[in-house]
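Line by line, the protein sequences are chains A, B and C. For the first sequence, the numbering used here gives the first residue as 1024, with consecutive numbering after it. For the second sequence, the numbering used here gives the first residue as 5, with consecutive numbering after it. For the third sequence, the numbering used here gives the first residue as 33, with consecutive numbering after it. Each residue gets a CB set at the ideal place from its N, CA and C atoms; glycine is no exception.
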Amino acid sequence: MKAVGRFLVVIFLTYLGLLAVTFVIGRVIPIDPVLAIVGDHAPEHVVARVREELGLNKPLWQQFGIYLTKVAHGDFGTSVLTTHPVMEDIRHTFPATLELATLGILIGAGFGVPLGVWAAVRRGGLVDQSVRVMGLIGYSVPIFWLGLMALMLFYAKLDWVGGPGRLDVVYEYTLTPVTGILLLDAAMAGQWDAFRNVLSHLILPASLLGYFSLAYISRMTRSFMLNELSQEYVIAARAKGLSETRIIWRHALRNAMVPLVTVITLSYAGLLEGSVLTETVFAWPGLGLYITNSLQNADMNAVLGGTIVVGSIFIGLNLLADLLYRALDPRTRAR
Amino acid sequence: MKNSTPLITRRLLGAAAASALVLSLGVAPAWAATPKDTLVVALAFDDIITMDPAEAFEISAGEIMGNTYDRLVRLDVNEPSKLVGDVAKAWTTSADGKTFTFEINPGQKFASGNAVTAEDVAFSLQRAVLLDKAPAFILTQFGFNKANVKDKIKATGPMTVTIETEKSFASSFVLNCLTANVAAIVDKQLVMSKEANGDMGYAWLKTNYAGSGPMKLREWRANEVVTLERNDNHLGDKVPLARVIYRHIKESASQRLQLEKGDIDMARNLTPQDVEALSANKDVKINATPKGSSMYISMNMKNPNFAKPEVREAMKYLIDYAAIGDTLIKHIGVVNQNFLPQGLLGASTVSPYKLDVDKAKALLAKAGLPNGFKVTIDMRTVQPQQGITEAFQQTAKRAGVEIEIIPGDGKQTLTKYRGRTHDMYIGTWGADYWDPHTNADTFARNPDNADDAKAKPLAWRNAWAIPELTKKADAAIMERDTGKRRAMYEDMQADFRKNSPFIMVSQTIEVAAIRANVDGFKIGPTSDTNYMFRVSKR
Amino acid sequence: MNASTPMTASKEGLHDWLMSDRPTSRRQAALGRAYGAWRVFARNKLAILGLLIVVLLMLVAIFANVLAPYSPTVGDLRTTRLLPPSSAFWLGTDDQGRDILSRLIHGSRVTLFVVTLVAVLAAPIGLLVGTVAGYAGGMVDAALMRVTDIFLAFPRLILALAFVAALGPGIENAVIAIAITSWPPYARMARAETLTIRQTDYIAAVQLIGASPWRIVFHHIMPLCVSSVIVRVTLDMAGIILTAAGLGFLGLGAQPPMPEWGAMIAAGRQYVLDQWWVAAAPGAAIFLISLAFNLLGDGLRDALDPKGVK
Chain A
1024 MKAVGRFLVV IFLTYLGLLA VTFVIGRVIP IDPVLAIVGD HAPEHVVARV
1074 REELGLNKPL WQQFGIYLTK VAHGDFGTSV LTTHPVMEDI RHTFPATLEL
1124 ATLGILIGAG FGVPLGVWAA VRRGGLVDQS VRVMGLIGYS VPIFWLGLMA
1174 LMLFYAKLDW VGGPGRLDVV YEYTLTPVTG ILLLDAAMAG QWDAFRNVLS
1224 HLILPASLLG YFSLAYISRM TRSFMLNELS QEYVIAARAK GLSETRIIWR
1274 HALRNAMVPL VTVITLSYAG LLEGSVLTET VFAWPGLGLY ITNSLQNADM
1324 NAVLGGTIVV GSIFIGLNLL ADLLYRALDP RTRAR
Chain B
5 MKNSTPLITR RLLGAAAASA LVLSLGVAPA WAATPKDTLV VALAFDDIIT
55 MDPAEAFEIS AGEIMGNTYD RLVRLDVNEP SKLVGDVAKA WTTSADGKTF
105 TFEINPGQKF ASGNAVTAED VAFSLQRAVL LDKAPAFILT QFGFNKANVK
155 DKIKATGPMT VTIETEKSFA SSFVLNCLTA NVAAIVDKQL VMSKEANGDM
205 GYAWLKTNYA GSGPMKLREW RANEVVTLER NDNHLGDKVP LARVIYRHIK
255 ESASQRLQLE KGDIDMARNL TPQDVEALSA NKDVKINATP KGSSMYISMN
305 MKNPNFAKPE VREAMKYLID YAAIGDTLIK HIGVVNQNFL PQGLLGASTV
355 SPYKLDVDKA KALLAKAGLP NGFKVTIDMR TVQPQQGITE AFQQTAKRAG
405 VEIEIIPGDG KQTLTKYRGR THDMYIGTWG ADYWDPHTNA DTFARNPDNA
455 DDAKAKPLAW RNAWAIPELT KKADAAIMER DTGKRRAMYE DMQADFRKNS
505 PFIMVSQTIE VAAIRANVDG FKIGPTSDTN YMFRVSKR
Chain C
33 MNASTPMTAS KEGLHDWLMS DRPTSRRQAA LGRAYGAWRV FARNKLAILG
83 LLIVVLLMLV AIFANVLAPY SPTVGDLRTT RLLPPSSAFW LGTDDQGRDI
133 LSRLIHGSRV TLFVVTLVAV LAAPIGLLVG TVAGYAGGMV DAALMRVTDI
183 FLAFPRLILA LAFVAALGPG IENAVIAIAI TSWPPYARMA RAETLTIRQT
233 DYIAAVQLIG ASPWRIVFHH IMPLCVSSVI VRVTLDMAGI ILTAAGLGFL
283 GLGAQPPMPE WGAMIAAGRQ YVLDQWWVAA APGAAIFLIS LAFNLLGDGL
333 RDALDPKGVK
């Protein structure tokens, strides 16, 4: 009980710290938040009036206090740019990013881990080198370039996938979003042609993100596997006559999973943050674009709301990773 | 070490097969082309923050308002210096030029079914003044304020409205301002029924619609989609399209690929390269129109170097206007060295400046700076501003002027500019209404150059103290003879070209790439004259 | 064998001295380990290739003025704009008419500077935080991990804007901004590995000897975590350059006309479909740096692995 209490206190302090730092920095960045509301052509008295209405003339600590009080009541403020409450905006944009990131990490880890294992086992061989080069291309080529090239090839020329946007225009008003995760919504409503359409739009950006994380996951898997395969227990297991496959998959990989889980959760969290460039190229209305756009306009309510969500993602995934460690590797449990 | 790992191979092959299956499921439907009665437009409209005409001031919002709300008078798109009646059938001006009487066209209805009456017209204009949002100055500059607007703008009959200005302004000036979105006619009954806390329906109208235009607003999903539908209650020619859907797509290349494939009908945010590539495409036609937006580089006269007139003039000789016009802004701009864009009354075509490094050097020497000087410029990291600034940096260096570029994001550099803390700044200014005063008001007027001035036009931002020019600008809006008024603006522009701290570079051209089967679309001179209600698809 | 000085011994003698099983001084032992690592490294042809490319890049950076055929900052809008690769301009020209090859050559300086500085700053911080957190456990671990979470969740752009406000524009400030936000992943990884290592007999033995926790962390745990950090750092090189390009839009990066590779890619973005070479050239250069450091990193990893083949 005490441990849980202490745990909650720590989490609370983390959020507080995150909010405080973001809030303070947000107020000192050189962008006038009033500009986004009134525009550049507004007369001075309108600018002054709006500044007063936003409470920007109050001292910083007072502004933060007011914000925290509102948050305690569940009011995260309204976005200047969309006129909706911030949490409603996020409830709207986050599922888009969630859908993309989840499919992306499934592709990335689903292919990346086996490829990494293969590269470690056939170390130095052609497979190892090809996986390395392919991975490096995915990681060092700018994602907008890959995205546009992929669109040009798979969408414009080959017509294998749908174009930018989550849906074709035709389905815009025939598919009612329930969760916001359009694949689920289409499946639940039984609208299978809409489902196929959403998938066709989803597959390319998800593959891109998957390719991007695959590069990193496969390299790290290889590295961890090499660590494991050079351990004494592997030699001992071979001496005992265990099959190679069993050694690799049941033992070495299992042990490599602890740091590997960190790598995968970090990648997933990174994808969930939303990739601005991917969302721009593919016209994907996700969290990345939302936070970036808000930041560029100093729409601090939206930025703070987005930061809380991203913070929650990282904290949540890190805790999940910790739980997974304990399950996978008894050595990591506390003494 | 013996390596036989058929299991790995098997697993990988399995994964490959699974992904192939998934891909085959996702084949795009054969009929990706858009339906015949729906126009799909790719437009980056993340600047929209409200749908209330009393508040909406952004370019994209302007286009939506222009299609969905009627106003007393509109610009004739084919002849922008002429006005046509919209909600008003006819109008007269009193002898002293201070009273305008409008006769409302009978039989008009709002989308809600309510009839359009003089009461709605008066209410709409009063509401704009009372709410006093950013665009309200377009009306309040005629002397209306919260105390007197209900007297000065009123319905004097069921179908008659009178507007009384405080001075006898040029009637062209007044009428031009009444074509602006802020003067749009809203449905009084509907708006007041949604009122909360005496806000005149402000909170509701931000995301809703109460107009009488040819099209009505069905939905605005921020940064995703805006949908317009035919307004069946509109009096006038039937709108050919049932629906216009604007999709928010920021990337020019993405817009282009979709247009080439036919997944969208119109692309509106194309870069010069993409326009160039699409001009060669048989299935696409290009429509381009000069807009009332000007690109300029300004010099802050708080910098002692720029306080010297020879230096300011020298800088104007250090830009290669012609090369920039032919390369960096091809298709999206045309060189214009005056503060009035072409199409406005009094616009001048005189362009005395070209790249002349020797002349610039001579001028600098005269000012006591024979070896040039160092200076910074604040630049938005967007094109074509960035390209123009880099080109300017190179040509200025030849005369010894070393320009350090300080890049920044849009609102970031704007905040700095508005605080007068820059050396040089590259920016754009768009006309707020289709009258020369919209630009004269900001480029050629600076009533108070102090730091805490009540008005901060562009001339103020660059610390240009111009009491004489300000008087001329004030006189020009009172001049009721159009010919004389035109001459006054030409005179002001001559003075401006020589002495101002502004290097006027170009006038923006708005470009749209349209599928060949789409007819009737022509980009207008202002954001609210991009009419969709005349468009049809074959 | 007595400790004769290396200088007087023959080459054969030097090798034997270094590889001796019974070093008679700490220095001999340390030099021996380094020599052994070098031998492993040198046997790895790809690692040598990586090293060669990195050295080549450094030479290009140093001798940029001599190697570049044209000026990296001067171009002509009318005559040399957006030309495809040709014998006159090997990699074509950009939208200001400047030779891309010359810009790449001059840009290697800035890029190498940014990349190495960030790596050198971020990796050690992350390593330290991660190993301390993993070894200490309890409240220290929780506190450090929450601090890490804060840095991970913190929007990098906001930090960049704050930096611009406080320190002004420029690429040096970009380095600091990126380094401050890059260390968390290293910390998390180092902690994960520390959690598995700290239970081993090996560590228990060192504890029995009475080594202080700091000594254990620095001398025993950190070296074991270094290899995976190295691999991650080399992978991150490309990411750092691209991040710097992203921050450049806010003013925290290379100021035009500086030919920093990330800035060149960002500028080439609008030409991707037609004038592909504008973005492709710096992209290929970044890929090359990535590959070189990655090969080098793998080689280092193998060489430093205490359980590796000698």
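Applying the 10 Å Cβ sphere with the 16-neighbour rule, what's the burial state of residue i?
i	result
R223 (chain C)	buried
E59 (chain B)	buried
K415 (chain B)	buried
S258 (chain B)	buried
F1305 (chain A)	buried
M482 (chain B)	exposed
V354 (chain B)	exposed
Y234 (chain C)	exposed
E406 (chain B)	exposed
Please return the same chain residues whose Cβ sits closer than 6 Å to the Cβ of residue i, not counting the five positions on each side in sequence.
i	result
E225 (chain C)	C257
G1297 (chain A)	T1120, G1309, L1310 and G1311
A214 (chain B)	V190, D191, L194 and V195
N476 (chain B)	It is Lys, not Asn, that sits at residue 476 (chain B) in the sequence shown. Only M496 meet the Cβ criterion.
E317 (chain B)	L367
Is the Cβ of residue i closer than 8 Å to any Cβ of chain C?
i	result
Q397 (chain B)	yes
L1316 (chain A)	Correcting the residue type first, residue 1316 (chain A) is Asn in the shown sequence and not Leu. No, N1316 (chain A) does not count as interfacial toward chain C.
Y1291 (chain A)	no
D324 (chain B)	yes
L1327 (chain A)	no
D413 (chain B)	yes
Looking at the secondary structure, which residues open and close the alpha helix (DSSP H) in which residue i lies?
i	result
E1302 (chain A)	V1299 to V1304
Using the Cα positions of residue i and residue j, report the straight-line distance between them to the nearest angstrom.
i	j	result
Y535 (chain B)	A209 (chain C)	47 Å
N291 (chain B)	N521 (chain B)	14 Å
T54 (chain B)	L1058 (chain A)	14 Å
A34 (chain B)	F281 (chain C)	At A34 (chain B), the pLDDT of 40 sits below 50, so the modelled position is not reliable; the number obtained from the coordinates is stated separately. Straight-line Cα distance between these residues: approximately 40 Å.
R1074 (chain A)	A1209 (chain A)	44 Å
G528 (chain B)	V81 (chain B)	6 Å
L1036 (chain A)	L76 (chain B)	58 Å
A1043 (chain A)	G1329 (chain A)	14 Å
F106 (chain B)	W95 (chain B)	4 Å
G1334 (chain A)	E228 (chain B)	25 Å
K137 (chain B)	F183 (chain C)	40 Å
L88 (chain C)	R141 (chain C)	12 Å
L43 (chain B)	T72 (chain B)	16 Å
I68 (chain B)	A159 (chain B)	27 Å
Y1313 (chain A)	P289 (chain C)	31 Å
Please check if any C-beta of chain B sits within less than 8 Å of the C-beta of residue i.
i	result
G1028 (chain A)	no
H1274 (chain A)	no
Starting from the C-beta of residue i, find all residues in its chain whose C-beta is less than 7 Å away, skip the five residues before and the five after it, and write them out in chain order.
i	result
M508 (chain B)	S298, Y300, N340, Q341, N342 and F343
V556 (chain B)	The structure shown does not extend to residue 556 (chain B), since chain B spans only 5 to 542, so no value can be given for it.
M305 (chain B)	A311, N466, A467, W468 and P505
Compare the C-beta of residue i with all C-beta atoms of chain A and state if any pair is closer than 8 Å.
i	result
L332 (chain C)	no
T533 (chain B)	no
M177 (chain C)	yes
With respect to 7 Å, is the separation between the Cβ of residue i and the closest non-hydrogen atom of the ligand FAD below this value?
i	result
L1310 (chain A)	The model depicted lacks the ligand FAD and carries no ligand whatsoever.
Hey, could you find the ends of the beta strand (DSSP E) residue i is sitting in?
i	result
S298 (chain B)	V288 to M303
G431 (chain B)	M428 to G434
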